[in-house]
Each structure stands twice: as structure tokens, then as C-alpha cells.
Amino acid sequence: MGPLLVLAIGLGCGDLQAMLGGGDDDTIVAAAEQKLSAGDLPGAAAEYQGLAASHPDSVSVAVGLSYVQLLQGDLDAADGTLAAIEPKAGEKVGEIKLRRALVALEKRELEQVETFGVDSGLPEGKLLAAEAFLVELDSDRALELLRELSADGGVVGETARTYLELLESGNQHKGALAEVSALWALGDRAQAVESVEDSLKNLPEEASKGNQILLWAGRAVTSGRPDIARNLLEDTFPPEGQQWRYQATLAMIEIADGNPDDGITILQGLREAPDVPADGVADAIATACGVAKDPDVARRLVEGMESSAVARCLHQAGASADAAARAPTGGLKSFLENP
């Protein structure tokens, strides 16, 4: 089961509907969505194929079918389905173009990401295009879009302003950090973490430097590069109030490096500490579980914990029976109990 399907199964019905998008008549696809949320990908695919034949003009059907095709790894079919419905999409055409940009991203066709993202007219699409322009080193086009988006509220506007702060700082290392951040956002995580170390270590000594180093150290270890993560933490002083994040990241590095006892000891101490955020530590433990190479280590890490994140990491580690027991009631638990 791929990560996209694990994500889909872990979502509630409302979240899944939001991912698939609305349309002309969402009741048409209810049975297909139910199969998908239960983890029955072949069943959902068959349902959507039948619906596509009987409802060729339905945006909801086309969007759902393309999503299933994406989960199945048939990217050309997913884009073809979206391309066919685009002329019939009406006011939904921007959303269709955004979805085509996302499929193009999966195919690593960045020029198509740029084209569909801009043509979508949606803030999310334009941000995606700006990140693609950054990766392609077309900073002028990226800046044009980011300045436009910086006036937006919400996550898109905040992200655009963060990029602009780095790009317009006049500091070459901050500019380079913006480019590797775009690489990460577009899914090229290996190249991002391999490219970031020099830029981070040469950032000006500002309050944000420590936070950036902690962020990227965590990204490095979850990308299979604990060596880069360890290098980033060397000679680094955690920002005020972030000592627990430093310790949690160090624990992940030890676990990824094959020293689980050391990592588990650190994380157990954080779980018992009264002055650290419990939710943050729980997230760190679930992340550490995800980098564990041994199912027994994963079980030890999450002992006494239950959540979708815990269930997913146990399943990833090969402890599927334990994953089902730790999953909250819902689609993910149903799938894990009935694979």
C-alpha cells in the first residue's frame, strides 16, 4: 500500500470529499468514495470506471477517477481523465487545472506545473507555479507571483511572504535556502536535504537560524540522511524554549543510525517531562517510529500510544497487527483489520 493510499484511508469522509473535490452531483460517487475510504482501491477503481461510462460529463466522477488513477500510479491516465473533463468543467475549470498541475508534479514535468498552476487562477496553483519557477532558477517569474500572493490571507499568503523575506534579503545564503525550500515543497526531498547544509550554516546569526536548522535536521533524518542531520546539529545551540525539539531530533538520528536504545531513552525522558508540549513530543515519537528499521523498535517507541500517525508508522515498519490495534475507529482501522 503506497503512502497516498495510507493517507486517503486515514482521512474521514469529509476530508476525503474535500480532497476529491466537489462537483455537479456528489451523490453519484458516494459508493465509490466509501470503497476508497475503506481502502478498497480496486473496488473504487471499478466503481469509478463504471460511473465514467454512464456519466461522461460529471466533474465529480472525473475528479474521483483521476484521483484513483493517481493512487494506482497511472499518471498519464489521471491527466487524460482531467484533460477530457476540462472543457466541460465550467466554474470548476480552475480546480481541474490545479489538479493537472499536481499530476504534472508527480511526473516531474515542471514546465507543465508552471503552466497549469498559473492558468488555474487559484492561489494554490500560483504558489505551486512559483515554487517550480524557483527550482528552475527563474527567480523573476517566481518573484512576480509571490508578490501577488503575499497579499493573500491564510497559508498561501504566509508561505509567499516567507519566500519573499528570503529572496529579497540580499543575502545569497537566504536566497539559496528559498530555492531548496521550494525543492522540498515540490517533493524532491533527497536533493533538498543534500543541498541545504552550506546555506544553513552560513546564515546570519539571527533568531530564526536555530529554528531553520532544527527544521532541516528533522527533514534530513526523515529523508534517510541522519548524517546530514547530525552535521546540522553540531555546534548548534537550540533556540530558547526549543531544547526539547533538539533532543527529539537527536533521538530520531540515533534511531535512524541503528542506536535505538539511546533514542528511546531520550524520547521516554521527554514523555515524562512536565515542561514540554505533549502533542509535540507525540508527533516526534510517531516520526521516530517512521524512521525505525525494526518493527520491535517501532513497537517500543509507541508503547501506550494510539493515533492514526502511530498506526501508519507501525504499518510502515511491518507491524500491521499492532497498527490495527493502535488505530482509532475509522477507515484506516477497518483497512488494517481487513487487508
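No gaps in the numbering here: position 260 of the sequence shown is 260 in our numbering, and each next residue is one more.
Virtual Cβ for every residue (Gly too), placed ideally from N, Cα, C.
Helix, strand or coil at Glu310 [DSSP, three-state]: The amino acid at residue 310 is misidentified as Glu; the sequence shows Val. Here Val310 sits in helix by DSSP.
Coil, strand or helix - Leu186 by DSSP: coil
Close beta carbons around Gly21, own chain, < 7 Å, minus the five adjacent residues each side: Any reading at Gly21 is ruled out, since the residue's pLDDT is 47, under 50, leaving its predicted position unreliable.
Coarse secondary structure for Met305, derived from DSSP in three states: coil
4 or more residues per run - each alpha helix (DSSP H) lying fully within the segment 183 to 270: 189 to 195, 197 to 201, 207 to 222, 226 to 233, 243 to 256
Contacting residues, own chain, Cβ-Cβ under 6 Å from Glu179 (five flanking each side not counted): Leu134
Reduced DSSP secondary structure (H/G/I, E/B, other) of His55: coil
Extent of the continuous alpha helix (DSSP H) to which Glu106 belongs: 93 to 106
Same chain, Cβ closer than 7 Å to Ala77, five either side skipped, listed in chain order: Gln69
Contact under 7 Å by Cβ, Val103 with Asp140: no
Enclosing alpha helix (DSSP H) for Glu144 [first to last residue]: 139 to 149
Per-residue DSSP class, three states only, for Asp283: helix
Contact set for Ala160: own chain, Cβ-Cβ below 6 Å, skip 5 residues either direction: Leu146, Leu149, Ser150
Local Cβ density within 10 Å of Ile172, reported as buried at 16 or more and exposed below that: Correcting the residue type first, residue 172 is Gln in the shown sequence and not Ile. Exposed, since its Cβ has fewer than 16 Cβ neighbours within 10 Å.
Which of helix, strand or coil DSSP assigns to Glu124: helix
Assigned secondary structure, Gly117 (DSSP; H/G/I helix, E/B strand, else coil): helix
Contact under 7 Å by Cβ, Ala278 with Val310: no
Distance, Glu91 Cα to Gly224 Cα: 43 Å
Lys174 and Leu164 closer than 7 Å at C-beta: no
Gly258 versus Tyr67: straight-line alpha-carbon distance, rounded: 37 Å
Alpha carbon of Asp283 to alpha carbon of Ala324, nearest angstrom: 19 Å
Backbone secondary structure at Glu136 - three-state DSSP: coil
Beta-carbon proximity list for Leu250, same chain, < 7 Å, skipping 5 on both sides: Leu233, Ile266
Rounded separation between Ile213 and Val59 - CA only: 44 Å
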